[in-house]
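Under my numbering, the residues of the sequence shown are numbered 290 to 629, in order. Just so you know, even glycine gets a beta-carbon here, dropped at the ideal spot from N, CA and C.
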Amino acid sequence: MHLSEHFPLADHHTFHVEANSRYWLEYTSIRDLHDFFNTTEYKDSPRLPIGSGSNLLFDGDYPGVLLHSSIVGSTVIRESDDAVWVRVGSGTLWDDFVETAVASGWYGAENLSGIPGEVGAAAVQNIGAYGAEVGQLIDKVEAYCIPDAQLQCIDQKECRYGYRQSRFKSDWMHQYVVCAVVFKLSKIPHLNLSYADLENAVGTGRSISLNGLRKAILKIRNAKLPDTNQMGNAGSFFMNPIVDQARYEWIKDRYPEVKSWIQSDGRVKLAAGWLIEQAGWKGRQLGRAGVHEQQALVLVNLGGATSKEILDLSARIQEDVQSKFEVVLQPEVQIVNGFL
Ligand SMILES: Cc1cc2nc3c(=O)[nH]c(=O)nc-3n(C[C@H](O)[C@H](O)[C@H](O)COP(=O)(O)OP(=O)(O)OC[C@H]3O[C@@H](n4cnc5c(N)ncnc54)[C@H](O)[C@@H]3O)c2cc1C
Numbered sequence: 290m291h292l293s294e295h296f297p298l299a300d301h302h303t304f305h306v307e308a309n310s311r312y313w314l315e316y317t318s319i320r321d322l323h324d325f326f327n328t329t330e331y332k333d334s335p336r337l338p339i340g341s342g343s344n345l346l347f348d349g350d351y352p353g354v355l356l357h358s359s360i361v362g363s364t365v366i367r368e369s370d371d372a373v374w375v376r377v378g379s380g381t382l383w384d385d386f387v388e389t390a391v392a393s394g395w396y397g398a399e400n401l402s403g404i405p406g407e408v409g410a411a412a413v414q415n416i417g418a419y420g421a422e423v424g425q426l427i428d429k430v431e432a433y434c435i436p437d438a439q440l441q442c443i444d445q446k447e448c449r450y451g452y453r454q455s456r457f458k459s460d461w462m463h464q465y466v467v468c469a470v471v472f473k474l475s476k477i478p479h480l481n482l483s484y485a486d487l488e489n490a491v492g493t494g495r496s497i498s499l500n501g502l503r504k505a506i507l508k509i510r511n512a513k514l515p516d517t518n519q520m521g522n523a524g525s526f527f528m529n530p531i532v533d534q535a536r537y538e539w540i541k542d543r544y545p546e547v548k549s550w551i552q553s554d555g556r557v558k559l560a561a562g563w564l565i566e567q568a569g570w571k572g573r574q575l576g577r578a579g580v581h582e583q584q585a586l587v588l589v590n591l592g593g594a595t596s597k598e599i600l601d602l603s604a605r606i607q608e609d610v611q612s613k614f615e616v617v618l619q620p621e622v623q624i625v626n627g628f629l
């Protein structure tokens with residue numbers, strides 16, 4: 290366990306906004322977590338697990354302890370004729386794990402290639418892309434339960450995964466620190482090319498290998514999304530809003546080209562990037578914060594932006610989308626301030 294004080298955060302979150310954390314704890318084992326949560330010294334400080342900070346925006350200095358996992362690496366713990374179960378440390382980079390899975394001929398994670406961040410956060414966020422979500426691949430989550438002061442092995446079903454949702458983000462918020470995740474991947478060749486972008490990239494009717502699909506996805510992502518080292522950002526700033534039929538019909542009457550996906554419960558998910566573009570924000574800037582020229586859903590730090598500049602921009606976008614479509618955009622990015 291290693292505890293640092295007055296820890297600079299600009300290189301530990303992908304918006305690269307200047308901020309400090311009062312403390313930064315690097316934990317390498319469950320024992321470290323146990324010891325930390327049993328000391329009285331930091332009991333009243335805010336405490337927050339952090340991965341690569343690719344879904345966070347620090348709004349000012351963090352007055353408490355940020356907990357970062359150095360539990361890394363993966364081990365096959367079980368194997369059958371058609372599947373493999375792999376335990377992966379929460380501090381492992383998500384895309385390193387996908388690379389390992391693809392190189393080993395394990396199917397399931399390839400559509401999630403190139404998503405930034407670490408394995409622990411992936412299980413909290415239920416990361417998703419190109420028609421896949423990580424929750425579908427998770428067998429169990431091994432997490433330290435702060436109230437019970439012990440490690441718990443949580444079944445996938447109990448995590449209640451939904452669109453960018455899990456119980457770690459709702460009723461279990463602030464109760465668990467993820468230490469490892471057990472994934473169940475398939476040994477049976479099967480690729481998911483249902484997403485339109487992928488079909489176009491691969492070419493309808495053409496076959497592609499597991500590694501070929503990973504490479505195609507990495508190529509699409511690199512062409513679409515700004516490199517966080519060159520232009521700070523946290524991917525999609527807002528979630529795609531889900532609206533009822535009446536609101537959808539109202540929008541569709543006026544904008545027949547609206548980008549949307551019907552949900553199993555009859556509601557309709559709208560493309561937040563399309564709404565932002567229609568509200569006139571694509572490519573615009575406010576101070577040193579801007580909306581990316583190719584991806585209206587991605588807010589960027591154009592260089593030296595403060596969190597206030599980024600939050601002012603996001604508030605203006607929310608207002609304009611609401612007044613044009615009567616749809617409320619909710620941030621996907623977690624805004625971190627002293628109250629967390
Ligand atoms: C360029 C770019 C592209 C992106 N593309 C996608 C995409 O296609 N799909 C997608 O779903 N997301 C995408 N994201 C968002 C982001 O990559 C994911 O949300 C990712 O899971 C965040 O991982 P992280 O390690 O950076 O977590 P952080 O941002 O550090 O934390 C995210 C949340 O997880 C919690 N957390 C982190 N580690 C732990 C732990 N060990 N235990 C308990 N809680 C923990 C944090 O408290 C926080 O609430 C993108 C981001 C960027 C910058």
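Does DSSP put residue i in a helix, a strand or coil?
i	result
H323	helix
Q519	coil
K548	coil
E422	strand
A535	helix
L355	strand
V408	helix
Q623	strand
L401	helix
Between residue i and ligand 1, is the CB less than 7 angstroms from at least one heavy atom?
i	result
F526	no
N344	yes
Y452	no
I416	yes
N522	yes
G631	As displayed, the chain neither begins before 290 nor continues past 629, which places residue 631 out of reach and without an answer.
S359	no
G409	yes
L298	no
T317	no
T303	yes
L337	yes
V363	This sequence places Ser at residue 363; Val is not what is there. False, no ligand heavy atom lies under 7 angstroms from that Cβ.
T517	yes
Count the other CB atoms within 10 Å of the CB of residue i; is the residue buried (16 or more) or exposed (fewer)?
i	result
H301	buried
G524	buried
W550	exposed
Quick check: what's the CA-CA separation for residue i versus residue j?
i	j	result
Q519	D437	42 angstroms
V365	I599	42 angstroms
L564	D533	16 angstroms
L575	Q619	20 angstroms
K513	L602	21 angstroms
Y351	M528	25 angstroms
E582	K571	6 angstroms
S359	Y419	29 angstroms
S293	R336	14 angstroms
Is residue i near ligand 2, going by C-beta to nearest heavy atom under 7 angstroms?
i	result
L514	Among the ligands in the structure shown, ligand 2 does not appear; only ligand 1 can be found there.
Write down every uninterrupted run of the beta strand (DSSP E) in the segment 364-388 whose length is 3 residues or greater and which is fully enclosed by it, in chain order. Counting only runs of 3 or more, we get 372-378.
Report the start-end ranges of each alpha helix (DSSP H) in the segment 554-616 that is 4 residues or longer and not cut off at the edges. Here the runs fully enclosed are 561-567 and 596-614.
Length at least 3, wholly inside the segment 455-523: the beta strand (DSSP E) runs in chain order: If we require 3 residues or more, the beta strand (DSSP E) runs fully inside the segment 455-523 come out as 465-475.
Quick one: complete alpha helix (DSSP H) runs, 4+ long, within the segment 305-351? Secondary structure within the segment 305-351: the alpha helix (DSSP H) runs of 4 or more consecutive residues, fully enclosed, are 319-327 (chain order).
3 or more residues per run - each beta strand (DSSP E) lying fully within the segment 428-453: Fully enclosed beta strand (DSSP E) runs of 3 or longer: 439-444.
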